[in-house]
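Everything below concerns the one structure shown next.
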Amino acid sequence: MRLRLLESAARLLAAEGPSGLSTRKVAAEAGTSTMALYSQFGSMPDLVKAVVDEGFVRLEQAFAQVPQTDDPIADLGGIFDAYITNARKNPELYVVMFGSASLGGYRGTGEEILHTGRYTFDYIVNAAERAIEAGRLDKKPPVAVAAQIWTTLHGYTVLELAGYYTPPSAGVRNVLQPMMRNLIIGLGDKAPDADTSSQTWFSS
Numbered sequence: 001m002r003l004r005l006l007e008s009a010a011r012l013l014a015a016e017g018p019s020g021l022s023t024r025k026v027a028a029e030a031g032t033s034t035m036a037l038y039s040q041f042g043s044m045p046d047l048v049k050a051v052v053d054e055g056f057v058r059l060e061q062a063f064a065q066v067p068q069t070d071d072p073i074a075d076l077g078g079i080f081d082a083y084i085t086n087a088r089k090n091p092e093l094y095v096v097m098f099g100s101a102s103l104g105g106y107r108g109t110g111e112e113i114l115h116t117g118r119y120t121f122d123y124i125v126n127a128a129e130r131a132i133e134a135g136r137l138d139k140k141p142p143v144a145v146a147a148q149i150w151t152t153l154h155g156y157t158v159l160e161l162a163g164y165y166t167p168p169s170a171g172v173r174n175v176l177q178p179m180m181r182n183l184i185i186g187l188g189d190k191a192p193d194a195d196t197s198s199q200t201w202f203s204s
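Here the sequence shown is numbered in UniProt numbering, starting from 1 and rising by one per residue.
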């Protein structure tokens, strides 16, 4: 029943957007009662948290599929690609994962979001650390480097999902790819090396 309710909430989210989520609609979509929903999740905020958790689970699954090679900068590109691809597949989930939109009138706080999704950020931290240890990026704290990468990537993703880059492939070619290349160079990589490694980025 719990999974059925979560899947129903995800379908409603896709069909009607964040504002369309309510206990009544979720229960009806799942073919059950609001009482059953409350018995599984306790409250609407608890259901919202479970939906957000599902968004981060999907992001982690995308990150976990990125292979590691002997080129850590190329591998960072795999993280970039997995991030934007996951957001495109789950746009409604993406906008609520980071508190950009409320679900059924409920919005998570920054502290809640930090604790909920931190384990996915660790994938970016680990990828940055590999690049630092390989001498491709300057010796800076990996968390700080990863935060710059994530902030840049997240900003582009929000704008693409909002329709500012149409078609998305043009946005990647003209904005995201060169922006991430420039960031990597700014973080310490040599331009020729960055150019070589970035040839594999966003190739899926």
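Where a beta carbon is used, it is the ideal one built from N, C-alpha and C, also for glycine.
- Under the 10 Å beta carbon count, Val145 is surrounded by 16 or more other beta carbons and is classified as buried.
- Rounded to whole angstroms, Ile84 and Val175 show a C-alpha spacing of 13 Å.
- Assigned with DSSP and collapsed to three states, Arg181 falls in helix.
- Given a length threshold of 4 residues, each whole run of the alpha helix (DSSP H) inside the region 34-99 is given here in chain order: 34-41, 44-64, 72-89 and 91-97.
- The Cβ-Cβ distance between Val125 and Val143 falls below 9 Å.
- Annotated three-state conformation of Tyr164 is coil, per DSSP.
- Excluding sequence positions up to five before and after Gln68, its CB lies within less than 7 Å of the CB of Asp75, all in the same chain and listed in chain order.
- In the DSSP assignment, Val26 falls within the alpha helix (DSSP H) that extends over Thr23 to Ala30.
- For the set Leu187, Arg136 and Thr166, the Cα lying nearest the Cα of Thr152 is the one of Leu187.
- Contact annotation, Ala10 with Leu47: C-beta distance approximately 11 Å; criterion of less than 8 Å not satisfied.
- In this structure, Ala36 sits near Leu5, with a CB-CB distance shorter than 9 Å.
- Note that the C-beta distance between Asp81 and Val57 is not below 9 Å.
- The beta carbons of Asp53 and Thr116 sit about 6 Å from each other, so the pair counts as a contact at 8 Å.
- Rounded to the nearest whole angstrom, the C-alpha separation of Gly17 and Gln61 is 23 Å.
- With respect to the 9 Å criterion, Ser198 and Arg181 are classified as neighbours on the basis of their beta carbons.
- With contacts defined as CB atoms closer than 9 Å, Ile79 and Phe63 qualify as a contacting pair.
- Proximity to Ala15 across Glu92, Ser39 and Met44 peaks at Glu92, based on C-alpha coordinates.
- The closest CA to that of Arg136, considering only Leu21, Leu12, Ser19 and Ile185, is found on Ile185.
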